[in-house]
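Chemist: Sharing a structure, written as structure tokens. Questions coming.
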Amino acid sequence: MQPHLLKVFVANRVSLIQELTETFSWHHVKTKENPADLISRGTTKLQLQDELWWTGPSFLKDKTLNSDSVVSQKDDNFFEELKNPKIVYSFITHAGPSVFLDNCLNITNSFTKLVRIALAGIKDTSEPVSTRKEIFVVRSRMNRRRDSLGKE
14 MQPHLLKVFV
24 ANRVSLIQEL
34 TETFSWHHVK
44 TKENPADLIS
54 RGTTKLQLQD
64 ELWWTGPSFL
74 KDKTLNSDSV
84 VSQKDDNFFE
94 ELKNPKIVYS
104 FITHAGPSVF
114 LDNCLNITNS
124 FTKLVRIALA
134 GIKDTSEPVS
144 TRKEIFVVRS
154 RMNRRRDSLG
164 KE
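Numbering of the sequence shown is given in our numbering, commencing with residue 14 and proceeding in unit increments.
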């Protein structure tokens, strides 16, 4: 497994394990077969008397690697540790004369209207569109957008 595909905490652990065991071959162990996961799941003293805790998973006793011990596509715990892909947008700006500003000034001389026009294209990340109760831009949202112009 490539650590850069995992979330930071898990990636750090995987990197360290790979560094310390680079000459060994290692595979993912399902939660139900992993004795280390017993403690993290809040196991009681009685459950620790289970054979899994004392002897480990049964596939370790086999001379050949059991294909069930390798990660399968249905192992949800493993896939929860993968990073979520992030979409990055990039914009190209032009330092020449602003046709947009000229067009806005031709529409109105009101500063408030110009601010509303300029801020209409700025995405308000504080709340998703699906959760907004009002259709039109209200003053509080306009103020948040205006204030976010100075932030990077």
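Beta carbons: idealized from backbone N, C-alpha and C, even for Gly.
Quantities reported herein were computed from a predicted structural model and do not represent experimental measurements.
Going by the DSSP bridge assignment, what does L19 pair with across the sheet?
Modeler: In the sequence shown, residue 19 corresponds to position 6, counting from 1. L19 pairs with L95.
Chemist: Does N122 come out as helix, strand or coil in the three-state DSSP assignment?
Modeler: Translated into positions along the sequence shown, residue 122 becomes position 109. The answer is coil: DSSP assigns N122 none of H, G, I, E or B.
Chemist: Pick out whichever of L51, K58, E94 and F91 has its Cα sitting closest to the Cα of G69.
Modeler: Here residue 69 corresponds to residue number 56 of the sequence shown, with the count starting at 1. That would be L51, whose Cα lies nearest to the Cα of G69.
Chemist: Could you tell me the distance, in whole angstroms, from the CA atom of P16 to the CA atom of K99?
Modeler: Within the sequence shown, residue 16 is the residue found at index 3, counting from 1. Within the sequence shown, residue 99 is the residue found at index 86, counting from 1. Cα to Cα, the separation comes out at about 17 Å.
Chemist: Under three-state DSSP, which class holds T68?
Modeler: Residue numbering aside, residue 68 sits at position 55 when the sequence shown is read from its first letter. Here T68 sits in helix by DSSP.
Chemist: Measuring only the C-alpha atoms, how far is S82 from Q60?
Modeler: Residue mapping note: residue 82 aligns to position 69 of the sequence shown, counting from 1. Residue mapping note: residue 60 aligns to position 47 of the sequence shown, counting from 1. Residue confidence for S82 is low, a pLDDT of 49 falling below 50, so the modelled location carries little weight; the figure read from the coordinates is stated next. Between S82 and Q60, the C-alpha separation is close to 23 Å.
Chemist: For the alpha helix (DSSP H) holding K43, just list the boundary residues, first then last.
Modeler: As a first step, residue 43 must be located in the sequence shown, where it is residue number 30. Element bounds for K43: n/a, residue is neither H nor E.
Chemist: Considering only their Cβ atoms, is the gap separating F91 from H166 smaller than 8 Å?
Modeler: Nothing about residue 166 can be read from this structure; the chain reaches only from 14 to 165.
Chemist: Under 8 Å between the Cβ atoms of E94 and K43?
Modeler: By 1-based counting over the sequence shown, the position of residue 94 is 81. By 1-based counting over the sequence shown, the position of residue 43 is 30. Contact: no.
Chemist: Provide the residue span of the alpha helix (DSSP H) that contains L51, from first to last.
Modeler: Taking the first residue of the sequence shown as 1, we reach residue 51 at position 38. That run of the alpha helix (DSSP H) goes A49 to S53.
Chemist: Distance check for E64 and E35, CA to CA, integer angstroms please.
Modeler: Position 22 of the sequence shown holds residue 35. Position 51 of the sequence shown holds residue 64. Going from the Cα of E35 to the Cα of E64 covers about 29 Å.
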